Amino acid sequence: MAEQTSNRHSTEGEREKKRIAVFGSTGSIGTQALAVIRANSHLFSAEVLTAQNNDELLVEQALQFNPNIVVIGDEKKYAKVKDALKSTNVKVFCGEQALEEVAAMDCYDMMLAAIVGFAGLRPVLQAVENGKVIALANKETLVVAGDIVMQKAVENRVPIIPVDSEHSAIFQCLVGESRNQIEKVILTASGGPFLGKKPNFLVNVKRDHALQHPNWTMGAKISIDSATLMNKGLEMIEAKWLFNLRPEQVQVVVHPQSIIHSMVQFEDGSIKAQMGLPDMKLPIQYALAFPQRIQNKFPRYDFRRPGQLTFEEPDVKTFRNLVLATDALFRGGNTPCVLNAANEIAVYAFLRNRIGFLDMTDLIERTMMHVPFIEKPTLEEYFESDAEARNFAASLIKL
Ligand code: NAD
Ligand code: MG
Numbered sequence: 023m024a025e026q027t028s029n030r031h032s033t034e035g036e037r038e039k040k041r042i043a044v045f046g047s048t049g050s051i052g053t054q055a056l057a058v059i060r061a062n063s064h065l066f067s068a069e070v071l072t073a074q075n076n077d078e079l080l081v082e083q084a085l086q087f088n089p090n091i092v093v094i095g096d097e098k099k100y101a102k103v104k105d106a107l108k109s110t111n112v113k114v115f116c117g118e119q120a121l122e123e124v125a126a127m128d129c130y131d132m133m134l135a136a137i138v139g140f141a142g143l144r145p146v147l148q149a150v151e152n153g154k155v156i157a158l159a160n161k162e163t164l165v166v167a168g169d170i171v172m173q174k175a176v177e178n179r180v181p182i183i184p185v186d187s188e189h190s191a192i193f194q195c196l197v198g199e200s201r202n203q204i205e206k207v208i209l210t211a212s213g214g215p216f217l218g219k220k221p222n223f224l225v226n227v228k229r230d231h232a233l234q235h236p237n238w239t240m241g242a243k244i245s246i247d248s249a250t251l252m253n254k255g256l257e258m259i260e261a262k263w264l265f266n267l268r269p270e271q272v273q274v275v276v277h278p279q280s281i282i283h284s285m286v287q288f289e290d291g292s293i294k295a296q297m298g299l300p301d302m303k304l305p306i307q308y309a310l311a312f313p314q315r316i317q318n319k320f321p322r323y324d325f326r327r328p329g330q331l332t333f334e335e336p337d338v339k340t341f342r343n344l345v346l347a348t349d350a351l352f353r354g355g356n357t358p359c360v361l362n363a364a365n366e367i368a369v370y371a372f373l374r375n376r377i378g379f380l381d382m383t384d385l386i387e388r389t390m391m392h393v394p395f396i397e398k399p400t401l402e403e404y405f406e407s408d409a410e411a412r413n414f415a416a417s418l419i420k421l
């Protein structure tokens, strides 16, 4: 028996590495995940890389990581990627359908879901149905169809490990607590670049200013979501599904220093917090290596340095997106899906200077009022609600 085990070790030495499929490898999370994989190449290999438009970075990553497969979303770029990788064994696919097909393949163990927005949902569903462990950065997946995704995860015994820093914090606080009741979770919010500002200031805000986050460097969509506080609203819904909470168990507190990444209060009143400097590589690394922690050289938080950790209530009169998202959280059904779709349209319109900062909230609110409520949507109905919300929100911009 001992001999057999040692044989298996020697012949499958390579296989002991966790094979990661990085969906959205050219983004902020994707590139940081590849940095973690590179720094721990004895533990991880990158087997799948995908990108929507950035063919040059995708090719560079493929040459560096020698994955099994790359997928370029934009079909017009297929020939260019294929040509650039012709002297390698890397298989090249393109288009939206290929993302799902690759998600269903056997060549990887864990999907790092780092595509942004609704587009991330289908590949995650495929991966879950095929028994892959999910390291989930794409919060929109759970906002849109959290009930279906979590149900499928249970059926397929698939762990969904959060990458979002707040949810990673809660997940870490819950280690060893599986028999204990959560009273509530407290999501911390930095407040974004416009903390303390009022509508008379926000009305004139432009994209470049809104993209400047004080504590984190992130992709464009989540940076705008952080500036409007929609990001925290989406995270409340994400937390509900990940940790099986009732809406009233999810609370938000503004903590501008982003040192406490979130907290869990148990039924005895005890509160656990997870802390550290704001660096997404840490929650990414935690998710990839779970249940292990691995050593690294990331900068450490130093309590001896002068500084304060402060907390305040979010200003929901100014940042009304948080109210809309809270409504969606409590209402359930297809409302979070509609909220998410309208928000995606609003954010991309704002990024193209088509609408103002405060117009985003109005657009989302009107779309939420327009799309009929469905209490227990099927997956098809989620897709229909998403499409209907996008069409309606887009029609408001054209007026
Ligand atoms: P990003 O815009 O930097 O990267 C997005 C990635 O997805 C890119 O690789 C892009 O090519 C790909 N992509 C974009 N549209 C696509 C489409 N339609 N089909 C297929 N691929 C597509 O985004 P990001 O900041 O890395 O965020 C990714 C996800 O992680 C988001 O859901 C975000 O909310 C979440 N998240 C990000 C951070 C962060 O620090 N950036 C933190 C927590 C959670
Ligand atoms: Mg977050």
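Taking my numbering as reference, the numbering of the sequence shown is continuous, increasing by one, and the terminal residue is 421.
Glycine included, every Cβ here is placed at the ideal spot set by N, Cα and C.
No experiment lies behind these values; they were computed from the predicted model shown.
For the pair Ala136 and Gly218, the CB atoms are not nearer than the 8 Å cut-off.
The criterion of a C-beta distance shorter than 8 Å is satisfied by Met258 and Leu351. Taken through DSSP and simplified to helix, strand or coil, Val58 comes out as helix. Under DSSP, the beta-bridge partners assigned to Glu334 are Val276. Only residues of its own chain outside the window of five on either side were considered, and among them Trp263 have a CB closer than 7 Å to the CB of Met172, listed in chain order. In the DSSP assignment, Leu217 forms no beta bridge with any residue. Exclusion of the five residues before and after Leu79 leaves Thr48 as the residues of its chain whose Cβ lies within less than 6 Å of its Cβ. Summarising the contact set, residues whose Cβ lies nearer than 6 Å to any heavy atom of ligand 2 are, in chain order, Asp186, Ser187, Glu188, Glu257. Assignment of beta-bridge partners to Ser284 by DSSP yields Leu209, Gln296. Looking at the DSSP output, Ile51 bridges to nothing. Assignment of beta-bridge partners to Lys113 by DSSP yields Ile91. Of the candidates Glu260, Ser187, Leu346, Asp324, the residue whose Cα lies closest to the Cα of Arg388 is Leu346. Rounded to whole angstroms, the gap between the alpha carbons of Ala364 and Lys39 is 41 Å. Of all C-beta pairs linking the stretch 304 to 314 to the stretch 227 to 235, fewer than three are shorter than 8 Å, placing the two stretches out of contact. Within its own chain, the residues whose Cβ lies closer than 8 Å to the Cβ of Asp131, once the five positions on either side in sequence are excluded, are Lys40, Arg41, Ile42, Lys154, Val155, listed in chain order. In the DSSP assignment, Phe66 is bridged to Lys40.
Pro184 has Leu158 as its beta-bridge partners, per DSSP. Ranked by Cα distance from Ser280, the first of Leu158, Met390, Ala211 is Ala211. Close CB contacts of Val393 within its chain, under the 8 Å cut and outside five residues either way in sequence, are with Asn356, Val360, Ser407, Glu410, Ala411, Phe414 (chain order). Annotation for Thr72 indicates a beta carbon within 7 Å of some heavy atom of ligand 1.
Under the DSSP assignment, Ala409 falls outside any beta strand (DSSP E), being part of the alpha helix (DSSP H) whose first and last residues are 401 to 420. Under the 10 Å beta carbon count, Ala191 is surrounded by 16 or more other beta carbons and is classified as buried. Cα atoms of Leu304 and Gly139: separation of roughly 22 Å, rounded to the nearest angstrom. By the Cβ rule, the stretch 166 to 184 does not count as touching the stretch 270 to 290, because fewer than three pairs are nearer than 8 Å. Annotation for Ile419: Ile367, Ala371, Arg376, Ile377, Leu385 place their beta carbon closer than 8 Å to its own, counting only its chain and skipping 5 residues before and after. The bridge partners DSSP lists for Leu134 are Val44, Ala157. Annotated as distal: Ala101 and Val92, with beta-carbon spacing of 8 Å or more. Val81 and Leu107 have their C-alpha atoms roughly 7 Å apart. Listed as beta-bridge partners of Leu147 by DSSP are no residues whatsoever.
In the three-state reduction of the DSSP assignment, Ala126 falls in the coil class, being assigned neither a helical nor a strand state.
Your pair Ala55 and Ile316 does not check out as a contact, with CB atoms roughly 14 Å apart and the cut at 8 Å. Only residues of its own chain outside the window of five on either side were considered, and among them Ala84, Asn88, Pro89, Asn90, Ile91, Val92 have a CB closer than 8 Å to the CB of Val112, listed in chain order. Taking the CA atoms as reference points, Glu97 sits about 11 Å from Lys104.
Take the alpha-carbon of Arg179 and the one of Gly291: they are about 32 Å apart.
If you ignore the 5 residues before and after Glu188, its C-beta comes within less than 7 Å of the C-beta of Leu209, Thr210, Glu257, His283, Ser284, all in its own chain and listed in chain order. In this structure, the C-beta of Ile51 approaches ligand 1 to less than 7 Å from one of its heavy atoms.
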